[in-house]
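First comes the structure, then the notes that go with it.
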Amino acid sequence: MNWNHLRLAIGKESREILRDRRTLFLHLVLPALLYPLLALFLLQVGQVAKLATVAPPRLALIDAPPELVQAVEAALIAPESPGSPPTATRSPRADAVALAPADHAAVGAAIRRLAALRPSSQLDNRSQPESESPAEAAARAQIATELRRLHLACALWVERDEHPAPATGRRLRTILVIDDGAGRRGSAPAVAEEAVAAWKRAMVEARLTAAGLPPAALTPITAETWPVAARAEALRSALAGILPMLLALLATSGVFMVAVDLMAGERERGSLETLLSLPAGRRELFLGKLVVAVGAGVGAVALNLLSLAATLGIAASHFRQAGPSLPLDGLLSAGIGTLVLAFVVLVPVTILLGSLSLAMAGLAATTREAQNQLTPLLLSVVVAASISLIPDARPGWAMDLVPVAGPLLALRECLLVNDPPWMHLLLALGGSLAWAWVVTGWAVRLLDEESFCYPGLVRAGWGRWRRWGEAPPSPGALEALGLFALCFGLFIGLQPLLAMAGPLAEVAGPLMAALLLPVLLHCWLGNHDLRQTLFLTMPKRQAWLAAGIAVPFAGCASLAWLGLQEIYLPKDLYPHAMAEKLTTLQHAIGPVGLLVLVTITPGLCEEPLFRGTLLAGLRRGIGDRGAIVVTSFLFAAMHLSPWRFFPQFTLGIFLATLVLRTGSIWPAVVVHALHNGLMVLPFIEPWVKERNEPTLWALLALGVTGLWFASRLVRR
Numbered sequence: 003m004n005w006n007h008l009r010l011a012i013g014k015e016s017r018e019i020l021r022d023r024r025t026l027f028l029h030l031v032l033p034a035l036l037y038p039l040l041a042l043f044l045l046q047v048g049q050v051a052k053l054a055t056v057a058p059p060r061l062a063l064i065d066a067p068p069e070l071v072q073a074v075e076a077a078l079i080a081p082e083s084p085g086s087p088p089t090a091t092r093s094p095r096a097d098a099v100a101l102a103p104a105d106h107a108a109v110g111a112a113i114r115r116l117a118a119l120r121p122s123s124q125l126d127n128r129s130q131p132e133s134e135s136p137a138e139a140a141a142r143a144q145i146a147t148e149l150r151r152l153h154l155a156c157a158l159w160v161e162r163d164e165h166p167a168p169a170t171g172r173r174l175r176t177i178l179v180i181d182d183g184a185g186r187r188g189s190a191p192a193v194a195e196e197a198v199a200a201w202k203r204a205m206v207e208a209r210l211t212a213a214g215l216p217p218a219a220l221t222p223i224t225a226e227t228w229p230v231a232a233r234a235e236a237l238r239s240a241l242a243g244i245l246p247m248l249l250a251l252l253a254t255s256g257v258f259m260v261a262v263d264l265m266a267g268e269r270e271r272g273s274l275e276t277l278l279s280l281p282a283g284r285r286e287l288f289l290g291k292l293v294v295a296v297g298a299g300v301g302a303v304a305l306n307l308l309s310l311a312a313t314l315g316i317a318a319s320h321f322r323q324a325g326p327s328l329p330l331d332g333l334l335s336a337g338i339g340t341l342v343l344a345f346v347v348l349v350p351v352t353i354l355l356g357s358l359s360l361a362m363a364g365l366a367a368t369t370r371e372a373q374n375q376l377t378p379l380l381l382s383v384v385v386a387a388s389i390s391l392i393p394d395a396r397p398g399w400a401m402d403l404v405p406v407a408g409p410l411l412a413l414r415e416c417l418l419v420n421d422p423p424w425m426h427l428l429l430a431l432g433g434s435l436a437w438a439w440v441v442t443g444w445a446v447r448l449l450d451e452e453s454f455c456y457p458g459l460v461r462a463g464w465g466r467w468r469r470w471g472e473a474p475p476s477p478g479a480l481e482a483l484g485l486f487a488l489c490f491g492l493f494i495g496l497q498p499l500l501a502m503a504g505p506l507a508e509v510a511g512p513l514m515a516a517l518l519l520p521v522l523l524h525c526w527l528g529n530h531d532l533r534q535t536l537f538l539t540m541p542k543r544q545a546w547l548a549a550g551i552a553v554p555f556a557g558c559a560s561l562a563w564l565g566l567q568e569i570y571l572p573k574d575l576y577p578h579a580m581a582e583k584l585t586t587l588q589h590a591i592g593p594v595g596l597l598v599l600v601t602i603t604p605g606l607c608e609e610p611l612f613r614g615t616l617l618a619g620l621r622r623g624i625g626d627r628g629a630i631v632v633t634s635f636l637f638a639a640m641h642l643s644p645w646r647f648f649p650q651f652t653l654g655i656f657l658a659t660l661v662l663r664t665g666s667i668w669p670a671v672v673v674h675a676l677h678n679g680l681m682v683l684p685f686i687e688p689w690v691k692e693r694n695e696p697t698l699w700a701l702l703a704l705g706v707t708g709l710w711f712a713s714r715l716v717r718r
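Note that my numbering gives residue 219 to position 217 of the sequence shown, counting from 1, and the numbers run on in steps of one.
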């Protein structure tokens with residue numbers, strides 16, 4: 003890499019961005035300024051709203067005894083808030099109105115009519131019955147009419163007690179009717195419920211006293227809840243769910259605007275062709291654009307973080323208590339570490355999004371087309387970032403490697419707990435950097451593609467429908483990933499459908515119909531060379547020797563992973579369903595049939611997709627190393643089991659390396675089949691569970707070393 007060319011490219015792209023200062027201000031600076039301005043606006047609106055005079059909701063008492071009237075009057079005044087000064091005037095929560103005798107009788111008669119139709123024993127403490135008769139519906143409508151005529155939010159009716167002595171133990175019935183169609187019923191229902199609860203407690207205490215028991219017998223236990231965390235820590239925990247997603251979206255918006263201008267905008271200005279004709283390499287030119295785009299995204303995140311801190315400071319100063327301390331005391335000191343951690347986590351994510359947005363914007367002929375092409379990417383980022391909103395989602399060794407979602411989950415966990423999961427955080431950061439490296443390599447190679455240099459060129463067609471020119475011998479990276487997405491969707495959709503046909507169809511059917519058949523059909527329709535797309539060539543003898551040596555070492559590595567996961571992974575992740583399915587298959591088709599099903603079928607069906615079309619397509623876009631890593635990750639993820647991720651990922655790396663070094667897929671098919679056969683032998687699982695941790699680590703090291711040695715036996 004020529005660092006002088008890279009420096010010049012960064013300087014050139016920076017001047018391009020600073021050229022349109024108005025757009026830069028609208029997309030980066032103005033959103034950051036809106037937070038404190040909106041906070042001040044909301045605070046002022048809240049103060050003005052408090053000055054407005056609003057009539058409290060009206061509450062009527064029907065046939066209420068004096069004790070209940072006193073309880074309602076006590077509940078009308080709102081309790082004193084912790085932050086309000088002692089001299090503050092407290093407004094009533096509701097207005098207990100005294101109805102005229104005629105109105106009192108009309109409302110009471112309507113409620114009594116409905117109470118007679120709905121005995122309390124039939125309601126079973128439910129507010130509404132499951133079904134009502136026409137008479138009940140008419141009575142309910144009459145109550146609503148009376149409430150609205152008198153402008154009442156609710157009315158509390160008490161059944162008259164013929165024997166008011168406390169010792170009788172007779173149960174009174176109260177009914178609170180609420181006009182839930184009224185938009186301003188406010189706290190009137192809550193006032194009535196609190197008053198009934200206070201009246202009930204006073205009545206019970208009176209009966210206990212009459213029986214010679216102390217009122218404290220009602221509360222043998224005093225339950226108290228004391229929050230002990232600092233207010234800043236509590237606020238940090240409350241923001242843990244929304245803050246990672248918010249910052250990811252802010253970084254995405256900052257990167258997208260710059261990417262559209264640096265690629266599609268420069269194409270419209272007519273300077274992109276001149277830039278590509280310079281003696282600087284494609285890598286230096288793309289990295290220059292990437293540095294500027296990432297800088298814009300990081301700058302947007304930094305500005306928004308500072309704006310958020312300023313907004314919280316304004317809120318803290320507004321909610322000042324009577325004393326010198328603030329309710330958010332220590333927020334800024336505790337918040338700085340939180341904001342710095344969020345900034346560090348989002349930098350690799352921003353690099354990944356910058357590479358993707360630059361590559362996709364480069365395929366567009368105009369800025370409008372670039373914005374349309376980036377819309378699906380924005381939706382994908384929103385979906386991936388929304389995983390941080392799921393309450394039960396936690397970081398995991400496999401989830402940490404998922405782009406965007408893994409780092410955001412690790413960041414949320416760091417904000418939630420006092421002992422941050424540093425290993426998960428480091429793994430998520432490393433995974434994001436690895437994905438960014440892969441995508442950057444693909445984007446650099448994209449600059450030499452015909453679709454990038456001439457996006458408006460009339461296409462010659464695809465595959466067997468190609469009108470002119472020679473078809474490419476193998477698919478491109480995006481085409482291969484699209485085929486994988488199709489196969490994966492078919493695989494997920496066919497499994498529950500074929501499960502009704504029995505366990506044999508459930509296992510073998512999706513492999514052949516969703517993985518093997520689409521790959522073969524794609525090669526035929528795309529008119530691709532089978533030798534370069536599926537690597538269907540006969541290997542040399544050294545390839546078979548390497549495959550034979552690799553089988554026991556692959557088994558050692560997988561066994562070690564399974565044993566270590568017994569120690570580290572939660573027990574609920576163990577694939578019990580898969581073990582039960584294997585047992586069912588063994589009873590149905592016998593041990594020999596089970597070995598054939600789990601060895602030959604996956605080897606023949608999975609290898610053409612992962613070590614065939616997907617590997618051939620990705621190596622055109624991101625190179626051999628990137629293709630090996632990505633295909634292995636997708637191969638492990640397709641098995642939909644955290645328990646099988648690391649064994650399959652390790653196996654996938656070796657199989658992809660073996661195919662690229664031998665030029666043939668057949669050794670990989672053999673290793674895959676024999677490896678699966680080792681995994682289902684009945685004596686393996688008990689042996690693994692009896693091993694201790696050092697032995698398993700040594701076994702893993704032995705397996706990985708053996709696989710590396712076997713891959714070196716064959717030269718390219």
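Note that CB positions come from ideal geometry on N, CA and C, so glycine has one too.
Taken atom to atom, the span from the alpha-carbon of asparagine 374 to that of valine 671 is near 42 Å. The C-alpha of histidine 530 lies about 30 Å from the C-alpha of alanine 712. For the segment 172-220, the continuous beta strand (DSSP E) assignments of 3+ residues that do not extend past its boundaries occur at 176-180, in sequence order. For alanine 98, the enclosing beta strand (DSSP E) covers residues 97-99. In the DSSP assignment, leucine 532 falls within the unbroken alpha helix (DSSP H) covering 532-535.
It is roughly 11 Å from the alpha-carbon of leucine 63 to the alpha-carbon of alanine 197.
Shown here for proline 217: same chain residues with a beta carbon closer than 6 Å to its own, the five before and five after excluded, namely Glu207 and Leu210 in chain order. When secondary structure is reduced to three states using DSSP, arginine 60 falls in the strand class. Ranked by how close their Cα comes to the Cα of isoleucine 177, the residues Ser388, Glu15, Ala194 and Leu538 have Ala194 in first place. Less than 9 Å divides the Cβ of valine 440 from the Cβ of valine 631.
Taken through DSSP and simplified to helix, strand or coil, alanine 253 comes out as helix. Distances from the alpha-carbon of glycine 315 to those of Ser189, Glu608, Leu39 and Thr224 put Leu39 closest. 9 Å or more divides the Cβ of alanine 562 from the Cβ of leucine 660. Counted as a single uninterrupted DSSP element, the alpha helix (DSSP H) harbouring tryptophan 424 occupies residues 424-448. Scanning its chain for C-beta atoms nearer than 7 Å, with the 5 sequence neighbours on each side dropped, one finds around aspartate 402 the residues Gly408, Ala412, His426, Leu429, Ala430 and Gly433, in chain order.
Residue nearest to alanine 199 within the set Gln72, Ala503, Ala344 and Ser390 is Gln72 (criterion: CA-CA distance). When C-alpha distances from leucine 119 are compared across Ala100, Pro103 and Ala140, the shortest belongs to Ala140. Closest in C-alpha terms to isoleucine 602, from the list Leu642, Ser388, Asn678 and Ser273, comes Asn678. For tryptophan 668, the uninterrupted alpha helix (DSSP H) run begins and ends at 668-681, by DSSP.
Annotation for valine 383: the continuous alpha helix (DSSP H) segment containing it runs 369-387. Following the DSSP letters along the chain, one finds alanine 157 inside the beta strand (DSSP E) bounded by residues 156-160.
Beta-bridge partners assigned by DSSP to isoleucine 79: Pro94. Taking 9 Å as the cut-off, the beta carbon of leucine 653 is found no closer than this to the beta carbon of alanine 507.
Straight-line measurement puts the Cα of proline 423 at about 37 Å from the Cα of leucine 8. Shown here, leucine 280 sits in coil according to DSSP, grouped into three states, outside any helix or strand.
A Cβ-Cβ contact shorter than 9 Å links alanine 552 with valine 673. Taking the C-beta atoms as reference points, alanine 112 is found nearer than 9 Å to isoleucine 145. With a cutoff of 9 Å on beta-carbon distance, glycine 256 and serine 390 are scored as not near each other.
By the C-beta criterion, the segment 363-379 is judged not to be in contact with the segment 304-311, since fewer than 3 inter-stretch pairs fall below 8 Å. With respect to the C-alpha of leucine 292, the residue from Leu483, Leu310, Gly364 and Pro393 having the closest C-alpha is Gly364. Minimum Cα-Cα distance from arginine 284 among the listed residues Gly595, Ala11, Ser643 and Ala658 corresponds to Ala11. Here aspartate 181 is buried: its Cβ has 16 or more other Cβ atoms, across all protein chains shown, within 10 Å.
In the DSSP assignment, arginine 21 falls within the unbroken alpha helix (DSSP H) covering 5-21.
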